[in-house]
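A short write-up of the structure that comes next.
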Amino acid sequence: MAVKVKAVKIPLKDLAQALIDKTAPSSPYFKKNTWGPQNYSYEEDIYPQARMAFPEYNKLYPDNEDFSKYFARDFYRHDPKLLGTIQGVVSQPTETTIAEEASVVSSGRMAGENAATMTGGTTIPTTTSLRFPIINTAKNLGTSANIFSKQSSTRIMSGISNILGGAVGAGGRGLGGFGLKAVNGGLNRWQTFSSFKGSLRAPSLKGAGGKTAIAIFGALFLFMFFSGLLGGIGAPGAPTGEAAPIPGSDSALPSGNLAQCSFAGVSGDLKVGNPTLADMVSDISAKVGVPGSVVMGILRIESSDKFVNKDPNYLTNDYDATPSTAGAIGIAQFMPDTFKGVFLNNKDDISKKFQKAAVITTREPAVSPPPNDDLMRITSVRDSIIMAAYKIKDDKNARAGSAAGWDEKAVRAVAKAYYGACSYEGASGDYCKDLTQSLNNCKTASIILADTNQIGQIVKGIQSVCVYNGVAGVVSTYNLSCLNSVDPSLPAIVDSQIRSSTVSHTFLQCVGYVKAIASWINNETLNDHNVANAYDYQAIPPLGYRFVSKGDDSAIMIGDIAIWNNAPNGHVAYVVGVESANRFLVTEASWGPQGYVRMDRYIDKTSESGFQGWARKQ
Numbered sequence: 034m035a036v037k038v039k040a041v042k043i044p045l046k047d048l049a050q051a052l053i054d055k056t057a058p059s060s061p062y063f064k065k066n067t068w069g070p071q072n073y074s075y076e077e078d079i080y081p082q083a084r085m086a087f088p089e090y091n092k093l094y095p096d097n098e099d100f101s102k103y104f105a106r107d108f109y110r111h112d113p114k115l116l117g118t119i120q121g122v123v124s125q126p127t128e129t130t131i132a133e134e135a136s137v138v139s140s141g142r143m144a145g146e147n148a149a150t151m152t153g154g155t156t157i158p159t160t161t162s163l164r165f166p167i168i169n170t171a172k173n174l175g176t177s178a179n180i181f182s183k184q185s186s187t188r189i190m191s192g193i194s195n196i197l198g199g200a201v202g203a204g205g206r207g208l209g210g211f212g213l214k215a216v217n218g219g220l221n222r223w224q225t226f227s228s229f230k231g232s233l234r235a236p237s238l239k240g241a242g243g244k245t246a247i248a249i250f251g252a253l254f255l256f257m258f259f260s261g262l263l264g265g266i267g268a269p270g271a272p273t274g275e276a277a278p279i280p281g282s283d284s285a286l287p288s289g290n291l292a293q294c295s296f297a298g299v300s301g302d303l304k305v306g307n308p309t310l311a312d313m314v315s316d317i318s319a320k321v322g323v324p325g326s327v328v329m330g331i332l333r334i335e336s337s338d339k340f341v342n343k344d345p346n347y348l349t350n351d352y353d354a355t356p357s358t359a360g361a362i363g364i365a366q367f368m369p370d371t372f373k374g375v376f377l378n379n380k381d382d383i384s385k386k387f388q389k390a391a392v393i394t395t396r397e398p399a400v401s402p403p404p405n406d407d408l409m410r411i412t413s414v415r416d417s418i419i420m421a422a423y424k425i426k427d428d429k430n431a432r433a434g435s436a437a438g439w440d441e442k443a444v445r446a447v448a449k450a451y452y453g454a455c456s457y458e459g460a461s462g463d464y465c466k467d468l469t470q471s472l473n474n475c476k477t478a479s480i481i482l483a484d485t486n487q488i489g490q491i492v493k494g495i496q497s498v499c500v501y502n503g504v505a506g507v508v509s510t511y512n513l514s515c516l517n518s519v520d521p522s523l524p525a526i527v528d529s530q531i532r533s534s535t536v537s538h539t540f541l542q543c544v545g546y547v548k549a550i551a552s553w554i555n556n557e558t559l560n561d562h563n564v565a566n567a568y569d570y571q572a573i574p575p576l577g578y579r580f581v582s583k584g585d586d587s588a589i590m591i592g593d594i595a596i597w598n599n600a601p602n603g604h605v606a607y608v609v610g611v612e613s614a615n616r617f618l619v620t621e622a623s624w625g626p627q628g629y630v631r632m633d634r635y636i637d638k639t640s641e642s643g644f645q646g647w648a649r650k651q
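First residue of the sequence shown? That's 34 in our numbering, and the numbers climb one at a time after it.
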């Protein structure tokens, strides 16, 4: 059943405000399902009408949360196309919206810190304190011991102190060049926002109430100045929002890099044709809680032609109604009744993780662009993979038990339940054997590695003790003391660089982590000229390094620093393994959740989005 939209058309101004409110922790609508005195439902009114009003976001961000986040980001960045769509009803945000922007841009892929995070899937932290990223940079330059939460602060104190306290405190503490940069950046940004005219919702400061507000504001300003001299206002409480799944990883589940692995079937071992399919399967599998290699192995057997398909339109169009002789449909070959049954058995979890509320099992015709609603379709490539993951999970739990590991016995049980038998019908071979072989292939993918034993110990050690919002391996100022418990202890220079980056940016950044690893490997502190952003490594390589373009004939080598120029700040990673001239393994931080340390991502330099090349030690 399609989403019901109220007949009354919501004004563009209200749609924009509702989307922005959904991203701002200070808004009364941040956690509510309805908006405004009219009690508009986000799911039934706001999002459906917003998707019609702003079609570019509808296509790019099928997830409602992402739709809100990136709409708010572009609004605060004064995107001319967006403001033109709104047609002047909403002009520019004023000073009254600075705190709201802070809460949006200080988290996830929209962060604007120096040498900041790459794109990833982090959700906006839920916190009662409003934060401005450059303020945290200045405010947290001292030791982590100065970071504490003032639980008794009012919301006004929290919001204003986070806007001004860090910058003034940085000046009061005499933080040197970096602190002055943070202060200047904060003052410039304040002046810029103060000059804007018009807003979505701007309460007046005229009259007695305004005078009172100004008096309070001035008093707080003085209070924060002297507090800065004494060591800072204190960081906000740790965000309590749920962290996003880690893209491209099955966490502790037994899977390697899906784009690299070979998957078994009647015609022999095959690799996936489109790396984007591997990324999709890995992301879905992580959310459902099953090994991506098992999901991928089933797709290889069920639809080998689609599995090796390199045409990007197959995934972009998100449509596959190909039937088998028995009537099974799509890439995962579902019978309609089975598709419906799996959906009903997991309806609540599917609704929470994939925002799907109903199911369609008929072979609908293809439409362009693909429909973006709350319906789970048997003809959707993505939906078919989602349902395959849930069926795998259901079958494993029913036959091996939810507590059982993903060993060969469990995978054979899954294979037999999915196909109905282990022997192929009309062909030699064994479905169960092939699926377990795919699992094992992905566990033991061979590459030429650096001394990843020691680097691996660092990554494993951090992932073992540093947990934030339920995600292991995240380092932030909220759990920085976890580094004290890493076993074996981190090398001194690694520990120092990781702490410095974390305290400066609230979460460990990619640049700080690469500096930590490279400094340790080379036995000297990496001098990167204190560049402002990660992508600056291309134009201004670290001292003693040179930039090598991905288009050069040179092959990437262990010890190189891979460089991306993706917005807003680029990304860097340390190369620890090389499979071929084009394919390599990296260790990195903040690709995925902010501050997340990992060593499980393989890069293909010919297809990796935003990848520019690498910095190589001369």
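Where is the CB? At the ideal position from N, CA and C, for every residue including glycine.
Check	Outcome
P95 CB to nearest heavy atom of the ligand ZN below 7 Å	With respect to the ligand ZN, the structure shown offers nothing to examine, as it has no ligands at all.
Candidates K638, S336, A567 and V508, of which the one nearest V536 by Cα	V508
Nearest neighbour of L576, chosen from G643, N405 and S552 [CA to CA]	S552
Ordered list of beta strand (DSSP E) runs contained in the region 554-597, each at least 3 residues	578-582 and 594-597
Burial state of N66, where buried means 16 or more other Cβ atoms lie within 10 Å	exposed
Own chain partners of K442 with C-beta closer than 8 Å, once the 5 adjacent residues on each side are dropped	A433
Cα-Cα separation, D585 to L93	32 Å
V504 versus G625: straight-line alpha-carbon distance, rounded	11 Å
Backbone CA spacing between M420 and S315 [nearest angstrom]	14 Å
Counted within 10 angstroms of its Cβ, other Cβ atoms place R579 as buried (16 or more) or exposed	exposed
8 Å Cβ shell around L115 - same chain, five flanking residues per side excluded	F87, F104, D107 and F108
Selected residue, minimal CA-CA separation from K320, among K385, T358 and P369	K385
Backbone CA spacing between N405 and E397 [nearest angstrom]	14 Å
Burial state of P113, where buried means 16 or more other Cβ atoms lie within 10 Å	exposed
Selected residue, minimal CA-CA separation from C543, among G325, T620, A297 and N555	T620
Neighbour-count burial assignment, Q4, 16 or more Cβ in a 10 Å radius	With the chain covering 34 to 651 only, the question about residue 4 has no answer from this structure.
Backbone secondary structure at L310 - three-state DSSP	helix
DSSP-derived helix/strand/coil call for L472	helix
Separation of K46 from G374, as counted between CA atoms	42 Å
C-alpha distance - G603 paired with A622, whole-angstrom precision	12 Å
Secondary structure, alpha helix (DSSP H): runs of 4+ residues fully inside the region 317-372	325-335, 337-340 and 346-350
For K650, the residue or residues it bridges with in DSSP	Y578
Residue nearest to S318 in terms of C-alpha spacing, selected from I383, S295 and S640	I383
Element boundaries [beta strand (DSSP E), containing G610]	H604 to V611
Cut-off 8 Å between Cβ atoms - residues of its own chain near A437, not counting five sequence neighbours on either side	K429 and A443
DSSP state of E621 mapped onto helix, strand, coil	strand
T67 in three-state terms, based on DSSP	strand
Span of the alpha helix (DSSP H), counted from its first residue to its last, around R396	That residue, R396, is in no alpha helix (DSSP H); it is neither H nor E in DSSP.
Where the alpha helix (DSSP H) through Y635 begins and ends	Y635 -> not in any alpha helix (DSSP H); beta strand (DSSP E) instead, spanning V630 to D637.
Distance between A567 and N599 (C-alpha atoms, nearest Å)	10 Å
For V536, three-class secondary structure by DSSP	helix
Close beta carbons around N615, own chain, < 7 Å, minus the five adjacent residues each side	D637, K638 and T639
DSSP state of L377 mapped onto helix, strand, coil	helix
Enclosing beta strand (DSSP E) for L408 [first to last residue]	L408 to R410
Short Cβ contact (8 Å threshold) for K55 with Y75	yes
D633 versus A648, Q651, G643 and V609, residue with shortest Cα-Cα distance	V609
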